[in-house]
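Student: Numbering (the working numbering), first residue to last: 12 to 328.
The structure that follows is given in the form of structure tokens.
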């Protein structure tokens with residue numbers, strides 16, 4: 012009984028520490044983000060019109076629906092416009108979902124492999140870890156700004172495209188055409204080539220995941236590997252029996268972070284479309300509806316991945 016009480020006390024202490032750690036974010040969310048979030052939800056059900064000198068006015072975006080033979084007025088016209096009227100939203104949403112799925116898998120695999128390599132004992136390990144952490148610094152806002160606004164970067168990108176066009180050689184496209192002609196390529200190879208073409212984005216998005224996996228690897232007690240060596244286990248068996256089960260709970264953390272990070276990227280075409288509808292077309296209600304649809308899709312994938320990975324972690328352990 013005393014052990015159970017001590018265990019519960021330890022869990023409560025850790026939970027309290029965790030809540031204290033995220034308390035600044037909770038306070039910031041309540042003070043600065045909760046009201047705009049609720050306001051955008053209200054806007055998604057209304058037609059928003061700017062009134063000079065007075066802000067804006069809202070009227071319900073009602074649309075008639077026939078539900079079980081009964082005509083009902085529901086304020087869902089903005090959502091209808093997002094799905095059935097806008098010609099760009101649905102295709103871009105499907106495209107970004109496919110990119111998210113492939114990039115998330117590739118990012119998790121790449122970051123885990125790199126973390127395992129960086130966890131080994133070799134000369135220059137500290138320098139190698141610093142190099143792989145550089146994408147975190149570069150992708151924090153500095154590099155995207157350089158890519159979008161720097162004229163020198165645009166000039167170098169144009170030169171690279173000209174050189175590639177002059178040479179007439181695109182290794183990825185040539186290999187893909189070769190496999191298609193031979194009858195080998197299929198949907199699986201299409202996904203693989205998408206990952207190859209997006210290797211720059213995948214590497215740039217792997218910094219935090221590498222650190223999380225590396226932290227988990229360093230927390231594994233060396234005595235476990237020593238006992239496995241005494242029992243005659245190979246390195247491959249030790250990996251699947253010790254390393255992967257011990258690190259597998261971190262897959263869920265990294266998966267959720269990767270999904271959220273992808274849906275918030277600067278080059279996301281869905282977010283570009285939402286910005287265009289809001290600022291160029293001045294359709295604030297439709298843009299809010301698109302935003303909430305986008306948020307719902309991201310939340311659905313987070314819940315689905317959490318369910319799948321949590322079951323996989325339990326079976327691995």
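Glycine included, each C-beta is placed from N, C-alpha and C at the ideal position.
(1) If you run the structure through DSSP and keep just helix, strand and coil, what is residue 170?
(2) Hey, quick one: how far does the beta strand (DSSP E) through residue 82 stretch, first residue to last?
(3) What does DSSP give as the partner residue(s) for residue 74 in the beta ladder?
(4) Which of the three DSSP states, helix, strand or coil, is assigned to residue 296?
(5) Cβ atoms of residue 309 and residue 258: under 8 Å apart, would you say?
(6) Using the Cβ count rule (16 or more neighbours within 10 Å means buried), how would you classify residue 109?
(7) With DSSP as the reference, identify every bridge partner of residue 69, one or two as the case may be.
(8) Verify whether the separation of the beta carbon atoms of residue 60 and residue 51 is less than 8 Å.
(9) Starting from residue 211 and walking both ways along the alpha helix (DSSP H), at which residues does that stretch end?
(10) With respect to the alpha helix (DSSP H) encompassing residue 266, which residues constitute its N-terminal and C-terminal limits?
(11) Residue 34: buried (16+ other C-beta within 10 angstroms of its C-beta) or exposed?
(12) Which residue marks the beginning of the alpha helix (DSSP H) containing residue 109, and which one marks its end?
(13) Buried or exposed for residue 243, please, with buried defined as at least 16 other CB atoms from any protein chain shown within 10 angstroms of its CB.
(14) How about the stretch 135-145 and the stretch 210-227: do they share at least three Cβ pairs that are nearer than 8 Å?
(15) Locate the alpha helix (DSSP H) running through residue 282, then write down its first and last residues.
(16) Tell me the DSSP secondary structure of residue 312 in three-state form.
(17) Identify, in the order they occur along the chain, each residue of the same chain with its Cβ nearer than 6 Å to the Cβ of residue 58, setting aside the five sequence neighbours on each side.
(18) When you compare only the Cα positions, how much space is there between residue 223 and residue 265?
(19) Secondary structure at residue 237, three-state DSSP: helix, strand or coil?
(20) For the alpha helix (DSSP H) that contains residue 225, what are its first and last residues?
(21) Let's see if you can read the secondary structure: which residues bound the alpha helix (DSSP H) around residue 248?
(22) Which same chain residues end up closer than 8 Å to residue 26 when comparing Cβ atoms and leaving out the 5 residues on each side of it in sequence?
(23) Helix, strand or coil, according to DSSP, for residue 243 in the structure here?
(24) Cβ of residue 253 less than 8 Å from any chain B Cβ?
(25) For the alpha helix (DSSP H) that residue 54 lies in, which residues bound it at each end?
(26) On a CA-only basis, which of 268, 255, 256, 102 is nearest residue 313? Give me that one, please.
(27) Quick one, which of 139, 92, 214 has its alpha-carbon nearest residue 122's?
(28) State the DSSP-derived secondary structure class of residue 133, mapped to helix, strand or coil.
(29) Once you ignore the five residues that flank residue 104 on each side, which residues in its own chain have a CB closer than 8 Å to its CB?
(30) Count the other CB atoms, across all protein chains shown, that sit within 10 Å of the CB of residue 133; report buried if there are 16 or more and exposed otherwise.
(31) Between the beta-carbon of residue 273 and the beta-carbon of residue 101, is there less than 8 Å?
(32) Measure the C-alpha to C-alpha separation of residue 225 and residue 106 and round it to an integer number of angstroms.
Tutor: To lay it out plainly:
(1) Locating residue 170 in the chain shown gives position 159, counting from the first residue. Residue confidence for residue 170 is low, a pLDDT of 48 falling below 50, so the modelled location carries little weight; the figure read from the coordinates is stated next. It is helical.
(2) The residue given as residue 82 occupies position 71 in the chain shown. That run of the beta strand (DSSP E) goes 81-85.
(3) The residue labelled residue 74 in the question sits at position 63 within the chain shown. Note: residue 74 sits in a beta bridge opposite 85.
(4) Taking the first residue of the chain shown as 1, we reach residue 296 at position 285. Helix.
(5) Residue mapping note: residue 258 aligns to position 247 of the chain shown, counting from 1. Residue mapping note: residue 309 aligns to position 298 of the chain shown, counting from 1. Not a contact, by the Cβ cut-off of 8 Å.
(6) On the chain shown, residue 109 is found 98 positions in, with the first residue counted as 1. Residue 109 comes out exposed.
(7) Within the chain shown, the letter at position 58 stands for residue 69. Bridge partners of residue 69: 59.
(8) As a working note, residue 60 is residue 49 in the chain shown. As a working note, residue 51 is residue 40 in the chain shown. Cβ atoms of residue 60 and residue 51: not closer than 8 Å.
(9) What you label residue 211 is simply residue 200 of the chain shown in a count that begins at 1. Looking at the DSSP string, the run of the alpha helix (DSSP H) that includes residue 211 is 210-215.
(10) Position 255 of the chain shown, counted from the first residue, corresponds to residue 266. First-last of the alpha helix (DSSP H) with residue 266: 260-274.
(11) The residue you call residue 34 lines up with position 23 of the chain shown. When all chains shown are included, residue 34 counts as exposed.
(12) Numbered from its first residue, the chain shown carries residue 109 at position 98. Residues 100-129.
(13) The residue labelled residue 243 in the question sits at position 232 within the chain shown. Exposed, because fewer than 16 other Cβ atoms sit within 10 Å of the Cβ of residue 243.
(14) yes
(15) Position 271 of the chain shown, counted from the first residue, corresponds to residue 282. Element bounds for residue 282: 280-286.
(16) Walking along the chain shown from the start, residue 312 turns up at place 301. Helix.
(17) Position 47 of the chain shown, counted from the first residue, corresponds to residue 58. Here the set comprises 70, 72, 296.
(18) Residue 223 sits at position 212 when you count from the first residue of the chain shown. Residue 265 sits at position 254 when you count from the first residue of the chain shown. Straight-line Cα distance between these residues: approximately 7 Å.
(19) Numbered from its first residue, the chain shown carries residue 237 at position 226. Three-state DSSP puts residue 237 in a helix.
(20) For the purposes of this step, residue 225 is identified with residue 214 of the chain shown, where counting begins at 1. Residues 218-229.
(21) Walking along the chain shown from the start, residue 248 turns up at place 237. Segment 246-249, the alpha helix (DSSP H) holding residue 248.
(22) Here residue 26 is taken as the residue at index 15 of the chain shown, counted from 1. Closer than 8 Å at the Cβ level, and outside the excluded window around residue 26, lies no residue.
(23) Taking the first residue of the chain shown as 1, we reach residue 243 at position 232. Residue 243: coil per DSSP, three-state reduction.
(24) Absent from the structure is chain B; it holds one protein chain and no more.
(25) To locate residue 54, count along the chain shown from 1; it is residue 43. Its alpha helix (DSSP H) spans residues 45-54.
(26) Numbered from its first residue, the chain shown carries residue 313 at position 302. Checked all of 268, 255, 256, 102; the closest Cα to residue 313 is 268.
(27) For the purposes of this step, residue 122 is identified with residue 111 of the chain shown, where counting begins at 1. Among 139, 92, 214, the Cα nearest to that of residue 122 belongs to 214.
(28) Position 122 of the chain shown, counting from 1, holds the residue named residue 133. DSSP places residue 133 in coil when its eight states are reduced to three.
(29) Numbered from its first residue, the chain shown carries residue 104 at position 93. Cβ neighbours of residue 104 beyond the five flanking positions: 281, 304, 305, 308.
(30) The count along the chain shown starts at 1 and reaches residue 133 at position 122. That one is exposed.
(31) As a first step, residue 273 is located in the chain shown; it is residue number 262 there, counting from the start. As a first step, residue 101 is located in the chain shown; it is residue number 90 there, counting from the start. For residue 273 and residue 101, no; Cβs fall outside 8 Å.
(32) Translated into the one-based positions of the chain shown, residue 225 becomes position 214. Translated into the one-based positions of the chain shown, residue 106 becomes position 95. Approximately 32 Å, taken between the alpha carbons.
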